[in-house]
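Residue numbers (the numbering used here), protein chains in the order written: chain X, 32 to 141; chain U, 32 to 141. Below is one structure; the comments refer to it alone.
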DNA sequence: ACGGTATACATCATATCACGAAGTATCAAT
DNA sequence: ATTGATACTTCGTGATATGATGTATACCGT
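So, in structure tokens, the structure goes:
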């Protein structure tokens, strides 16, 4: 829950995309849905949503809900492609993890 | 090999620390040792080494080798602690990975 | 009626950081 | 003599997470 900021960076985009992969979602809901996995503030989320929109990974649709504005985000094919790429990157990350955690071979550990 | 820049960010520090966990190392060697796992330029590495030194995760010792300057880096207890923390963070990352890759439940996939 | 909390989105300033570019210098091999 | 490998340094830039702050409505308890 208190993950290193830098580690989060690479995961945020795909997490946000994953939050809308089954059905369109909106800012407030995305934050709450992701809470069990990764914490992100409103300013962070809306920055990400804007970036993903610019990258054509999602489309936006504004609705009125209970007199309040609500913007629904819809993942595009490019967005799903990004999620697939993440799976490939994950394999590389596993190799890195193994390198980092490989058994210590210092003299003193004989 | 062509991992997303943001994803790399969280891994670079621990990779550099891991590169010197068995024996002290120096810039040029670290870059080559990490090459099979993660690519990083000289400017990136030396920035990281400086940062890790400031954070007391490593100490530096300058030596002369074949008439050339060579700076050996030695991981500290704090550096090893950072690597342990990474293992904890990795567990969180696995949960995130599972969330992202969880089977699609869209209508069309019935 | 009032206050607090939840819902919902937007913008700005700041700090961190990876990286290319360019530089300095030595040594080995062709 | 030239090229490539070794080895470290500094600068500028662009990307980006986040706190702070602001706007606005709905709901619930007292």
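In this text, a Cβ means the ideal position worked out from N, Cα and C, and glycines have one as well. Computed from a predicted structure; not experimentally measured.
Exercise. Counting along the chain, where does the alpha helix (DSSP H) carrying residue 112/U start and finish?
Worked result: Position 81 of the second chain, counted from the first residue, corresponds to residue 112/U. Here the alpha helix (DSSP H) through residue 112/U covers 108–132.
Exercise. Using the beta-carbon count (16 or more within 10 Å), is residue 94/U buried or exposed?
Worked result: The count along the second chain starts at 1 and reaches residue 94/U at position 63. Answer is exposed; the Cβ neighbour count stays below 16.
Exercise. Between residue 12/X and chain U, is there a C-beta pair that is closer than 8 Å?
Worked result: Any answer about residue 12/X is impossible in this case: the structure gives chain X only from 32 up to 141.
Exercise. Pick from 61/X, 38/X, 121/X: whose alpha carbon is nearest that of residue 49/X?
Worked result: The residue you call residue 49/X lines up with position 18 of the first chain. Of the candidates 61/X, 38/X, 121/X, the one whose C-alpha sits nearest the C-alpha of residue 49/X is 61/X.
For this session: Tell me residue 90/U's beta-bridge partners as DSSP assigns them.
Result: Counted from its first residue, the second chain places residue 90/U at position 59. Here residue 90/U is bridged, per DSSP, to 105/U.
Exercise. Say the cut is 7 Å; is the CB of residue 61/X nearer than that to a heavy atom of the ligand COA?
Worked result: Looking at this structure, you won't find the ligand COA or any other ligand, since it has none at all.
For this session: For the alpha helix (DSSP H) containing residue 63/U, list its first residue and its last residue.
Result: Along the second chain, one-based indexing puts residue 63/U at 32. Per DSSP, residue 63/U belongs to the alpha helix (DSSP H) from 58–65.
Problem set entry | Buried versus exposed, by CB contacts within 10 Å (16 or more), residue 99/U | Walking along the second chain from the start, residue 99/U turns up at place 68. Looking at its Cβ environment, which holds fewer than 16 other Cβ atoms inside 10 Å, residue 99/U is exposed.
Exercise. Contact check, residue 131/U vs residue 36/X under 8 Å by CB: the rounded distance?
Worked result: Translated into the one-based positions of the second chain, residue 131/U becomes position 100. Translated into the one-based positions of the first chain, residue 36/X becomes position 5. 19 Å between Cβ atoms; not a contact.
For this session: Give the single residue among 70/X, 84/X, 107/X whose Cα lies nearest to the Cα of residue 53/X.
Result: Counting from one through the first chain, the residue named residue 53/X turns up at place 22. The closest CA to that of residue 53/X, considering only 70/X, 84/X, 107/X, is found on 107/X.
Exercise. What residue from 57/X, 65/X, 83/X has the CA that sits closest to residue 96/X's CA?
Worked result: On the first chain, residue 96/X is found 65 positions in, with the first residue counted as 1. Measuring from the Cα of residue 96/X, the nearest candidate turns out to be 57/X.
Exercise. If you count every other CB in all the chains shown that lies within 10 Å of the CB of residue 128/X, and 16 or more means buried, which is it?
Worked result: Numbered from its first residue, the first chain carries residue 128/X at position 97. Burial of residue 128/X is indicated by the presence of at least 16 other C-beta atoms within 10 angstroms of its C-beta.
Exercise. At which residues does the alpha helix (DSSP H) containing residue 77/X begin and terminate?
Worked result: Numbered from 1 along the first chain, position 46 holds the residue referred to as residue 77/X. That run of the alpha helix (DSSP H) goes 73–85.
For this session: Return helix, strand or coil for residue 140/X, following the three-state DSSP convention.
Result: Along the first chain, read from residue 1 onward, the residue named residue 140/X stands at position 109. Per-residue confidence for residue 140/X stands at a pLDDT of 48, beneath the threshold of 50, marking its modelled position as unreliable; no derived number is given.
For this session: Flag residue 49/U as yes if its beta-carbon sits less than 8 Å from any beta-carbon of chain X, otherwise no.
Result: In the second chain, the residue the question calls residue 49/U occupies position 18. It does: the Cβ of residue 49/U has a partner Cβ on chain X nearer than 8 Å.
For this session: Taking residue 73/U as the query, report the chain X residues whose CB atoms sit under 7 Å from its CB, ordered along the chain.
Result: Residue mapping note: residue 73/U aligns to position 42 of the second chain, counting from 1. From the beta-carbon of residue 73/U, no residue of chain X is found nearer than 7 Å; the closest lies around 20 Å away.
For this session: Determine the extent of the alpha helix (DSSP H) in which residue 49/X is found, giving its start and end residues.
Result: In the first chain, counting from the first residue as 1, residue 49/X sits at position 18. Run containing residue 49/X: 36–49, per the alpha helix (DSSP H) assignment.
For this session: With DSSP as the reference, label residue 54/U as helix, strand or coil.
Result: The residue you call residue 54/U lines up with position 23 of the second chain. Assignment of residue 54/U by DSSP, reduced to helix, strand and coil, places it in the coil class.
For this session: Check the C-beta distance from residue 120/X over to residue 38/U and give it rounded, since I have them as a contact under 8 Å.
Result: Residue numbering aside, residue 120/X sits at position 89 when the first chain is read from its first letter. Residue numbering aside, residue 38/U sits at position 7 when the second chain is read from its first letter. Right, their Cβ atoms sit about 6 Å apart.
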